[in-house]
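Q: First the structure, then my questions, so here it is.
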Amino acid sequence: MRPHRFARAALPLALAFAPAAPAAADSGDGVDLAPGNALLANGLADAAPDARGTSWLRPGQRRSPAGHLYGCPLEPPTVEELGEWIYDGRMQLGGVVVNGDEDNALWNRYVRWDSGLVLGLLEIALRRPADGSYAELRASRLGSDDGFIEAAFGRAGSYKVQALLREMPNVVSDSARPIWNGVGTNDLRLLPSLAPGASDSAAVAAAVDGVAPQRLQVVRSRTGLGLDAYLTPRWIARAAVSEERRSGARPFGGAFFYNFLFPGNAGVLETVRPVEDATVNLAAGIRYAGDRWRMDFAYDGSFYRDRYRRLRFESPFALTPTRPGTTSAPIYQGQFALEPDNDYHNLRATFMRRLPWNGELGVSAAAGRMRQDDDLIAPIDCAGTFGVDSDGSGVPGPANPFLHACADWNTPAALSRASADLRIDTYAFDTHVSVQPLPALSLRGKLDFRREDYRNAYLAYNPLTGDYGYITENGAQASIQPGALGTWNPLTAPSAITRVRSLPLDRQDYGAELGADWQLAERRSLSLTLSTRRDEPTNRERSRVTDDSVKLAYVDRHVEGLTLRASFAVIDRDGDDYVSDPYWFAYSVSLPGFVAPAGGVPAFTVDALRKYDLADRREHKANLSATVALGDTASLSAGLQGDWNDYDAVIGRQVYDRSGATVQWEWQPSPQTRASIHYGADRARLRMANVADVVFGPDGSLGGPDYPLNGRWWAYDKQRNRNAGASIEQGFGPVRLDLNWNLVDARGLTSYRFASPVALAYFADGLTGGDSGEFPAMRYRVDSLSLGASIALTPRVALRVFDLFERGRIDDWHYLGLDTGRVIDHRVYSDGGPSGYTTNLIGVLLDLRL
Amino acid sequence: MKRVLALLLFSLPPLAGAGGFVDLRDAPVVAGDAAAGAAKVAVCVACHGAEGNAAVTAFPALAAQHPGYLYQSLAGFRRRADPASPMTPQVQSLGDADLRDIAVYFASRRRSAPAVSSAADLPGARLFRDGDAARGIVPCQGCHGATAQGHPLHGTAPRYDYYPALAAQSADYLAARLRRYRDDGQVDTSNALIMRGIARNLDDAAIAELAAWLAATPRESTSTSGDYP
């Protein structure tokens, strides 16, 4: 396996994207695929095109069945002999120099560009023709956290052993100024200049100013081992184990009640959380391929382990009760539960059998289990008391009902059980059948069933106090608003409405599909697919949702050199009655002893709301694409796509439309010359309606006293994306020049309007006179230009010199103002947000054939 | 003049590969006059037998072979002009039309080798059909057909006329030819480039098994130049 060949053999379009080097290596999806790096996207200097073409068996082979041009293959390596073995190898090494905003986070996304020496690629392949034995090694290192090494050995038709080691960085911030020591751990302690729970905004701002900008990143490393064994030509066994570790830190939250309604109070903090976890993946299976039967039996397992169970942080701000004459206990310690350890197992069996009429019947069944059983953490992490001290005694008790003893809540004894003990069992069953009763007619059918069963549930109950529910905001709310503890108690707070149970989301869904494909004439086909899917969720607004669809597709390759594809689909969704509050059982209103508050139990939400995943919907999808061969050496492709969704919702998502167009031109007049140009544009429109509740009352009707019509508001999102690129590559004897230009441009605009200021949670925003507006445009644009030359100095030595200039621009109004200060009232931002960059990368690399 | 034209035609791009080999992937159909060819094979049959059914097993049988393959073989002898080859002087005086006529003539002759009823039981049958993954030997039938009559797609495009029928070929000749592919490294056509890689993993035992089975497998028909659209 020679990835440089894959890279070079890809369509010119792929090459056109090459200058967007940071995106050339992904963040870790599909990590068992052949790893690469940002340099390999431009190929190796000595990888000359092979004029002999792609195959000894057929001439030309210049186009895919859809009409796209294949890239010219590369010349095979010249092998050397070593006893019974033959081998070839190559090494690319050299240096890169980065100028400009070299520390910028966007520039460094998924790649570590440091000026200095780089090993672009070391590749050695050995073969023993006598018995098909082979051994391969590939390695690369661009920087301290960016590299890979993989090895494989085996014998063709007998076995294969693979091993992989890879590291990849993901820089998430280049300008973090956290006010805590301990970044990267799960214990954030305020800088010495700040007093926990006793600092003001000015002190925090001064502390931020004293912190040098830091880089926050998460490095992902993966180690894997795999074995394939060809037991017989019919039976193949496989097994693989891998471990993926993530290590680093990234911006996170840290709430101490919200601040905007309580100026000078509470605390909204952007903390920095650690990322220190490992996931072990196991996969094993055995496969049989017979003349009539095919079978596959497989096991997959995944085991996630987090080093930390929780994140603790300190808040610098004092909490002040809203009731005059009272004081707050000085709490400042907050916490977050981090991801729980969890295990996943899945067993799957698949059988397929050939049928008469060129048919096939397939049946597959699978069962899985997901489980987590971490020890639970206490509801609060404080010492002494929290809440509001009404009588000044500092002692909780009946006479001081809003002051609470931390000892009643800061221990696992305050929980209804010690560990999570939660499990989800999954089942899946699929069957499909296809037959071809006539040469020009194929029929197919499919049935499938899925089910998820949530086992066990958690009831938030504190046996030490008799309270149900969770402490909100680390106790901060109760320390500002007397009695706002966030719990229900049959004696002390019988009318409190709060969440007390976990929400099991058991579900099952099944679907059926029937289809037919007609060969209308030679190279003309029409297909019709009818399908229905019934989803039966539990504890959702609907207990049944049905999606019915009809899809028509047409492919025409009748005209020589033209491939035309068109499809159109209509998907209609409806279901049973929509219930706005299926969640009541998870709240204290369901507990015996609950006493409805004066005025009744508030409506859970407005009756007219239709959540978009369950709302009635009519969707139309259309695709049209064509590829035209322009002579033997060029092709032109164009496509139009549309997806229009109308939701039957007075409140909720109403419209979501997307449409786009692409056009691409490719030209390969000779192995020495190739060029391409592409352009794509798409747009999306999302419109939603909502209404503010002005009173916590029991009437959920739209237009009623709780959800008045003048509380309505609407939001409209418009997104427009463009991408374009051009590339040309030309060989002049031993010299090959390549020039690439790329553009990625995305722009999003959110506008809004509202019926009256009643619609706004923050009334001051509605006093400016208008009833509509828009947020500043969100913008992300990257322009890149690269110029390279590859020079074959000798048959074994080649030189590559390249320059990559890239400019990124980003506008994100969420971060407006943070360049002048990270502290706004009691809101503290660690990260200054993404910023634009201008960089230039020069590389000089030597390719050596070993 | 005809000879000059023939030489010019011979060097036209369809047969001249970019890498110094004759590219048969897009080679044209080989047409000729069998009757005329019959008048030009007096020297040939001395070694290759009457109507191409060689009696001496060191020499290949030419009867019922596909005309494209025969023509390209003859052209190869002339192109290489190997002084060590006994074929070199035989073809030097022949023009391209002569080669085509001769090829078409032998293709039209019936192979007279006797069939062996137990051929299917020979070990070479399985090797030909399935190959041997453990030894790196690929199945031969992919390019030479399930019963070694030629490429399975013969008749659908001219290029498949350049893949030989192997059935009823002399075992000695087949073994020698395969060893040459394996050991000599002399390849100058795109098809020979395929065979060079394949023969690399054929040991002497495998060659002997294959040759024995192929020699015992009957050739089912004669061959003609295809009529392609």
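Here the protein sequences line up with chains A and B, keeping their order.
Just so we're on the same page, this note's numbering is the position in the first sequence counted from 1, plus 31.
Just so we're on the same page, this note's numbering is the position in the second sequence counted from 1, plus 18.
By construction, the Cβ of each residue, glycine as well, lies at the ideal position given by its N, Cα and C atoms.
All figures in this text were calculated on a predicted structure; none of them were measured in a lab.
1) Is the Cβ of Gly-203/B closer than 8 Å to any Cβ of chain A?
2) For Pro-107/B, which three-state DSSP category applies?
3) Inspect the beta-carbon positions of Phe-556/A and Asp-566/A and report whether they are closer than 8 Å.
4) For the structure I just gave you, are there three or more beta carbon pairs, one from the region 850-863 of chain A and one from the region 42-58 of chain B, closer than 8 Å?
5) Using three-state DSSP, classify Pro-568/A as helix, strand or coil.
6) In whole angstroms, what is the alpha-carbon distance linking Gly-742/A and Ala-229/A?
7) If you scan the region 653-736 of chain A from start to end, which runs of the beta strand (DSSP E) of 3 or more residues do you find wholly inside it?
8) From the DSSP output, in three-state form, read off Asn-68/A for me.
9) By the three-class DSSP mapping on this structure, what secondary structure does Gly-514/A have?
10) Determine, for Ala-152/B, whether the minimum Cβ-Cβ distance to residues of chain A falls below 8 Å.
11) Output needed for Asp-605/A: all residues of its chain with C-beta closer than 7 Å, excluding positions within five of it in sequence on either side, in chain order.
12) Out of curiosity, what's the CA-to-CA distance linking Ile-411/A and Arg-812/A?
13) Between Asp-162/A and chain B, is any beta-carbon pair separated by less than 8 Å?
14) From Thr-381/A to Ser-239/B, what distance separates their C-alpha atoms?
15) Between the region 182-205 of chain A and chain E, which residues of the former have a C-beta closer than 8 Å to a C-beta of the latter?
16) Thr-523/A: which of Arg-532/A, Arg-753/A, Leu-536/A and Tyr-499/A sits nearest, CA to CA?
17) Counting contacts by CB-CB distance shorter than 8 Å, is Asp-179/B in contact with chain A?
18) Between Tyr-199/B and Gly-86/B, how many whole angstroms is the CB-CB distance? I'm expecting something under 8 Å.
19) Compare the C-beta of Pro-264/A against all C-beta atoms of chain B and say whether one is closer than 8 Å.
20) With distances taken from CA atoms, which of Ser-526/A, Glu-167/A and Leu-847/A is nearest Tyr-118/A?
21) For the candidate residues Asn-68/A, Ala-723/A, Leu-536/A and Ala-243/A, whose alpha-carbon lies nearest to that of Ala-488/A?
22) What would DSSP say about Ser-241/B, mapped onto helix, strand or coil?
23) Return helix, strand or coil for Phe-124/B, following the three-state DSSP convention.
24) Between the C-alpha atoms of Gln-512/A and Gly-418/A, what's the straight-line distance to the nearest angstrom?
25) Between which two residues does the alpha helix (DSSP H) holding Leu-192/B run?
26) Go ahead and pull the three-state DSSP assignment for Asp-748/A.
27) Among Gly-428/A, Val-464/A, Asp-405/A and Thr-416/A, which residue has its Cα nearest to the Cα of Pro-443/A?
28) Based on Cα-Cα distance, which residue from Leu-42/B, Val-48/B, Leu-117/B and Leu-80/B lies nearest to Ser-86/A?
29) Quick one: Cα of Gly-839/A to Cα of Gly-125/A, how far?
30) Applying a beta-carbon distance threshold of less than 8 Å, which residues of chain B neighbour Pro-90/A?
31) Which of the three DSSP states is assigned to Gln-539/A in this structure?
32) Which first and last residues belong to the beta strand (DSSP E) in which Gly-366/A is found?
33) Give a yes or no on whether the C-beta atoms belonging to Ala-76/B and Arg-129/B are separated by under 8 Å.
34) Counting contacts by CB-CB distance shorter than 8 Å, is Trp-87/A in contact with chain B?
35) Which same chain residues end up closer than 6 Å to Ser-533/A when comparing Cβ atoms and leaving out the 5 residues on each side of it in sequence?
36) Please report how far the alpha carbon of Asp-119/B lies from the alpha carbon of Val-110/A, in whole angstroms.
A: Inspection of the coordinates gives the following:
1) no
2) Pro-107/B: helix per DSSP, three-state reduction.
3) One detail in the question is off: residue 556/A reads as Ser in this sequence, not Phe. Going by C-beta atoms, Ser-556/A is not nearer than 8 Å to Asp-566/A.
4) no
5) Strand.
6) 39 Å
7) 665-678, 682-701 and 704-722
8) If DSSP states are grouped into helix, strand and coil, Asn-68/A belongs with coil.
9) coil
10) Yes, Ala-152/B lies at the interface with chain A (some Cβ there is under 8 Å from its Cβ).
11) Thr-577 and Asp-647
12) Answer to the nearest angstrom: the Cα atoms are 44 Å apart.
13) yes
14) 45 Å
15) Protein chains in the displayed structure are A and B, and chain E is not among them.
16) Tyr-499/A
17) no
18) So it is not a contact: roughly 19 Å between Cβ atoms.
19) yes
20) Glu-167/A
21) Leu-536/A
22) coil
23) helix
24) 8 Å
25) 189-201
26) strand
27) Asp-405/A
28) In terms of CA proximity to Ser-86/A, Leu-42/B leads the group Leu-42/B, Val-48/B, Leu-117/B and Leu-80/B.
29) 26 Å
30) Asp-41, Arg-43, Asp-44 and Arg-177
31) strand
32) In the sequence as presented, Gly is not what sits at residue 366/A; that position holds Gln. Here the beta strand (DSSP E) through Gln-366/A covers 364-368.
33) Their beta carbons are not under 8 Å apart, which means Ala-76/B does not touch Arg-129/B by this criterion.
34) yes
35) Excluding residues within five positions, the ones whose Cβ falls inside 6 Å are Ala-488 and Tyr-489.
36) 42 Å
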